[in-house]
Amino acid sequence: MNSKKIFSLLLVLSLFVTVLAACSGGNNKTNEGSTSTATNKPTEDNTKAEETPSWQTEKITLKFASWEDPKMEGELMKAFMAKYPNITVEKDETINWPWTDALTAAASASKLPDVFWVESVPVGVENEWLLDLSPYWDQDEETQAIYPNIAKQAVYGGKRLASPTFQFIMGVYVNKTLLEKNNIPLPGYNWTITEMIDIAKKVSKPSEHIYGISGPWGNLSFNEHWPMANDSALGYNTFDGEKFHFTNQQWIDGYNQQLELRRLKVEEKMTGEEKTKVFGEEGAWPLQKGHVALGIDGSWNMNSLPPEMEKSGAGVVDFYPYPAGNAGQKMPVVLDYIGVSSTTKHPEAAYELMKFMSWSKDGWLKRLELNKELNINIDKFPVADFPEVWEKLTGELKLDGAKAAIGLLGDAVPDYNKVLPGWREFSAWASDEQKIYEKFANGELKPADKAKEMEDKANEFVGQALQRLSQ
């Protein structure tokens, strides 16, 4: 009996220990689970931390160079640094005019600023100054808002080597006072090229030094603007993105028309001697003096020219959209460009600075605030369609014609002067070597006589240069 009791007692004790072990094992599993959960929490936090790009957390210094208004530039840099406190932006004072020469010197010394405005994109591409922005641009949703005609610019061989900054509108300064004095009704903002020429001829009184029309830099540039206004397949100066089409009749007609207006003295082409005699100064601007009815020029004069003329009694002026041709009203626009250095150590941060200082929504909203604070008038416009920006901007414009012009920017045609390789070489051949434009002006040659040769030569220069940059 006693042995059986002892055996039973041992059996019970054994079972009890087993249960305790099982419970203890369960607790260990629970603890392991708790430990696992505890060790996983930092891993989750690390994942979240990794979601913040390193360029937003590391201490970074970026150099910046532009020909922006110094006050505007400085305040925009401060705003960017407030948005990204880890980034310090410094103005590179060594980059100044002549701009391309200064960049060349900086590149030779391996001291290119991280972000800089570009006077000639092809020069920057040929010298390998510019970073390919494609990896950042293509993943950036904001780039979808950039107007398609503008977004195509500065791309070589599939690489986006610069970005547009702003667009300046090429329009017409209409001296309403001069038209009223000649009993000519004011045209609507949806006017046509035919109306513009008709008004110019009616106002012109060359014997009194009153002229119907003038152009920027002494050139009406009808051959550059008319083809795209009459044929939607053509761009600026007939360029379609690949080739020029100077044999197109619109280019020939435009050139002939401007030559005729010059011959009839409808176009203002006063000599320095004539200006001295009439205005008392050789460098006087007849448009500013109230002696030109229609002045083709850029929006960069939009905030200075009209108030100056009204104050001096030279006339009340509005800034009209460029008139329509058969293809509608196509605004000619002039673009500036910005790039990121190929040697920057912080490409992501540099890209964000580039955006903010030029075309981004946040950058433009801040710019519009600063326009008021710094008393800087708007003379350049966004290259992207951000409705909030355009709504605020439109409310700040003083000229009704300018408001009409910006409503047409969705179908604007950008110039190529800062991005098209080979064009400067062609211009040197045509102007300096062949003196073609001079011979057109004196009647020695007609545009139709040289159109084919010029077309072939331009396409040769540009085609070879594009091929070289696209390799």
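Here the numbering used here = 1-based position in the sequence shown + 1041.
All C-beta atoms, glycine included, are put in the ideal place defined by N, C-alpha and C.
Please name the residue, chosen from the options, that lies closest to residue i on a Cα-to-Cα basis.
| i | options | result |
| --- | --- | --- |
| W1258 | D1173, G1276, V1156 and G1324 | G1324 |
| G1484 | P1348, W1431 and Q1299 | Q1299 |
| D1452 | L1438, E1474, E1466 and A1425 | A1425 |
| F993 | K1476, M1495 and V1319 | Nothing in the structure corresponds to residue 993, since the chain is present only between 1042 and 1512. |
| S1340 | W1400, I1254 and I1419 | I1419 |
| L1174 | E1183, R1201, M1211 and S1151 | R1201 |
| K1444 | P1455, K1459, W1464 and K1421 | K1421 |
| G1442 | D1377, I1238 and M1372 | M1372 |
| W1464 | F1502, E1410 and K1222 | F1502 |
| A1147 | N1344, P1268, P1189 and N1168 | N1168 |
| L1335 | L1261, A1469, D1497 and D1142 | L1261 |
| I1187 | S1204, G1380, E1092 and L1415 | S1204 |
| Q1194 | G1282, A1143, E1131 and M1237 | G1282 |
| S1255 | E1109, M1311 and W1138 | M1311 |
| L1450 | N1190, V1159 and H1250 | N1190 |
| V1319 | I1251, V1358 and V1381 | I1251 |
| N1297 | K1480, P1126 and K1439 | K1480 |
| P1462 | A1499, L1440 and S1472 | A1499 |
| D1338 | V1374, N1367, T1435 and G1369 | V1374 |
| A1489 | D1110, W1292 and G1448 | W1292 |
Could you give the distance in angstroms between the alpha-carbon of residue i and the alpha-carbon of residue j?
| i | j | result |
| --- | --- | --- |
| Y1478 | G1404 | 42 Å |
| V1196 | V1166 | 10 Å |
| S1248 | V1307 | 11 Å |
| S1245 | V1430 | 41 Å |
| K1407 | T1279 | 37 Å |
| G1356 | G1331 | 6 Å |
| Y1177 | A1192 | 14 Å |
| A1482 | H1387 | 52 Å |
| G1212 | I1101 | 42 Å |
| L1219 | L1328 | 11 Å |
| T1288 | Q1508 | 23 Å |
| K1112 | T1129 | 17 Å |
| E1314 | W1326 | 13 Å |
| L1117 | K1316 | 42 Å |
| F1533 | K1402 | The shown model of the chain, from 1042 to 1512, leaves out residue 1533, and the question about it has no answer. |
| A1446 | F1467 | 32 Å |
| G1321 | I1417 | 31 Å |
| V1381 | N1458 | 20 Å |
| D1181 | K1396 | 11 Å |
| N1127 | E1114 | 19 Å |
| L1275 | S1383 | 34 Å |
| D1473 | K1222 | 42 Å |
| Q1475 | K1493 | 14 Å |
| A1469 | G1295 | 22 Å |
| Q1512 | T1145 | 22 Å |
| S1095 | E1389 | 9 Å |
| G1504 | S1353 | 49 Å |
| L1440 | E1351 | 13 Å |
Where does residue i fall in DSSP's three states?
| i | result |
| --- | --- |
| W1464 | helix |
| A1365 | strand |
| K1200 | strand |
| T1233 | strand |
| T1084 | Residue confidence for T1084 is low, a pLDDT of 46 falling below 50, so the modelled location carries little weight; the figure read from the coordinates is stated next. Of the three classes helix, strand and coil, the one that applies to T1084 here is helix, per DSSP. |
| M1122 | helix |
| I1254 | strand |
| T1385 | coil |
| Y1296 | helix |
| L1415 | coil |
| M1042 | For M1042, the pLDDT reaches just 45, beneath the cut-off of 50, and the residue's location in the model is therefore unreliable, although a value from the coordinates is still provided. DSSP places M1042 in coil when its eight states are reduced to three. |
| F1481 | helix |
| W1138 | coil |
| A1425 | strand |
| F1397 | helix |
| K1152 | coil |
If the criterion is Cβ atoms closer than 8 Å, does the pair residue i and residue j meet it?
| i | j | result |
| --- | --- | --- |
| A1270 | G1253 | no |
| K1518 | L1227 | With the chain covering 1042 to 1512 only, the question about residue 1518 has no answer from this structure. |
| L1376 | P1268 | no |
| S1399 | T1233 | no |
| A1391 | L1153 | no |
| A1106 | W1158 | yes |
| T1141 | E1160 | yes |
| N1361 | Y1230 | The sequence given here has Tyr at residue 1361, not Asn. Result yes, Cβ atoms of Y1361 and Y1230 sit closer than 8 Å. |
Going by the DSSP bridge assignment, what does residue i pair with across the sheet?
| i | result |
| --- | --- |
| I1337 | V1213 |
| L1172 | Partner(s): none; L1172 has no beta bridge. |
| K1132 | F1105 |
| L1376 | Q1208 |
| W1158 | I1379 |
| E1518 | Nothing about residue 1518 can be read from this structure; the chain reaches only from 1042 to 1512. |
| F1360 | Y1214 |
| V1454 | P1373 |
| K1014 | With the chain covering 1042 to 1512 only, the question about residue 1014 has no answer from this structure. |
| I1447 | Answer is none; I1447 lacks a bridge partner. |
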